[in-house]
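Read the structure below first, then the notes.
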Ligand SMILES: Nc1ncnc2c1ncn2[C@@H]1O[C@H](COP(=O)(O)OP(=O)(O)O)[C@@H](O)[C@H]1O
Ligand SMILES: Cc1cn([C@H]2C[C@H](O)[C@@H](COP(=O)(O)O)O2)c(=O)[nH]c1=O
Ligand SMILES: [Zn+2]
């Protein structure tokens with residue numbers, strides 16, 4: 004059952020965002036619906052390539068419209084080589100602090116690609132268990148079923164080669180948790196002609212490069228840095244402050260641990276967190292000595 008709903012995540016659909024589901028609360032709907040109906044209760048236009056005759060796909064051995072055949076490949080005679088053709092993939096990167104709207108923007112772009120008749124699939128890191136493993140979920144509760152994987156290199160195998168070859172667009176959320184992000188994006192765009200849309204944190208709570216997100220900037224067609232609202236003054240927030248004293252880089256959590264802040268309140272907030280940490284450490288040392 005789960006596999007069916009996951010497989011359905013491969014195919015194009017049209018979700019009108021902001022979502023106007025048949026159920027007043029999309030989150031409640033999704034949590035109540037059995038897995039098999041998890042994906043579609045929206046006014047959805049679903050194009051299932053049930054068979055090659057229904058919808059020719061790029062690179063298939065079956066019938067293909069001229070639009071499909073040349074859609075992602077340079078025509079023969081391209082400058083430099085009159086015989087070869089190279090896939091014209093794309094990479095678009097969306098970064099920013101937490102609560103900046105990265106997942107919302109990814110969902111909107113996936114919707115737009117789907118409305119243009121392109122087949123899409125979304126994958127996120129299985130480390131992100133905040134809202135469940137089989138969907139990407141925004142902080143506002145908008146959901147879209149996805150694949151949850153420990154590594155991107157498992158994506159093609161998980162989908163199946165035929166399904167992967169049919170894909171035009173791959174969405175990646177929580178990209179900071181994928182160590183193989185660079186190689187996957189480069190191969191998907193350069194060799195397979197996919198459009199890859201990547202959403203992830205550019206910086207961790209210490210404002211250091213997070214995972215491989217910044218590594219793919221040189222591969223990108225476009226880079227968008229979104230901002231949130233500073234929780235302390237309402238100005239634009241560029242950074243994420245961790246309110247607790249944990250020091251590990253990867254700590255899956257939401258507003259209970261993190262808040263978006265402007266530069267002024269990052270600097271002052273970080274100073275408070277570090278001073279608090281020093282006091283706690285000093286008192287724990289005294290306890291040990293005493
Ligand atoms: N301080 C904040 N600034 C901006 N948006 C916030 C804030 N706190 C909560 N939100 C909500 O979070 C939503 C963005 O969620 P989401 O797209 O999941 O962000 P991200 O993926 O960047 O963490 C916003 O539309 C807004 O409703
Ligand atoms: C800053 C920071 C964040 N994380 C975690 C916290 C969340 O689970 C995700 C980011 O979620 P969002 O979609 O951007 O809201 O990353 C972390 O592990 N380490 C950090 O420093
Ligand atoms: Zn501020």
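Numbering (my numbering), first residue to last: 4 to 293. Glycine included, every Cβ here is placed at the ideal spot set by N, Cα and C.
Between which residues of its own chain and residue 56 is the CB-CB distance below 6 Å, once the five residues before and five after are set aside?
Note on residue 56: pLDDT 32, under 50, position unreliable in the model; no value is reported.
The alpha helix (DSSP H) that contains residue 269, what's its start and end?
266–292
Return yes when at least one heavy atom of ligand 2 lies under 8 Å from the C-beta of residue 216, else no.
no
Alpha carbon to alpha carbon, how far is residue 162 from residue 137? Give it in angstroms, no decimals.
14 Å
For residue 147 and residue 110, believed in contact at Cβ under 8 Å, the rounded distance:
6 Å
Taking the runs of the beta strand (DSSP E) that are 3 residues or longer, which of them lie wholly in the stretch 153–185?
172–176
Check: residue 141 C-beta below 8 Å from any heavy atom of ligand 1
yes
Proximity below 9 Å, CB of residue 101 to CB of residue 231
yes
Extent of the continuous alpha helix (DSSP H) to which residue 112 belongs
105–118
Closer than 7 Å by C-beta to residue 236: which residues in its own chain qualify, once you throw out the five before and the five after it? Chain order, please.
265 and 268
In this structure, how does DSSP classify residue 263 when only helix, strand and coil are distinguished?
strand
In the DSSP assignment, what are the bridge partners of residue 242?
264
Any heavy atom of ligand 3 closer than 8 Å to the Cβ of residue 238?
yes
Can you tell me which of the three DSSP states residue 91 falls into?
coil
Excluding sequence positions up to five away, which residues of its chain have a Cβ less than 6 Å from the Cβ of residue 37?
For residue 37, the predicted structure reports a pLDDT of 38, less than 50, and the residue's modelled location is therefore unreliable. A value from the coordinates is still provided. No residues qualify anywhere along the chain.
So, with DSSP's three-state summary, where would you put residue 204?
coil
Classify residue 177: buried if its beta carbon has 16 or more other beta carbons within 10 angstroms, exposed otherwise.
buried
May I ask you to report which of helix, strand or coil DSSP gives residue 139?
strand
Just jot down, in chain order, the residues whose CB lies closer than 5 Å to any heavy atom of ligand 2.
101, 207, 208, 243, 253, 254 and 255
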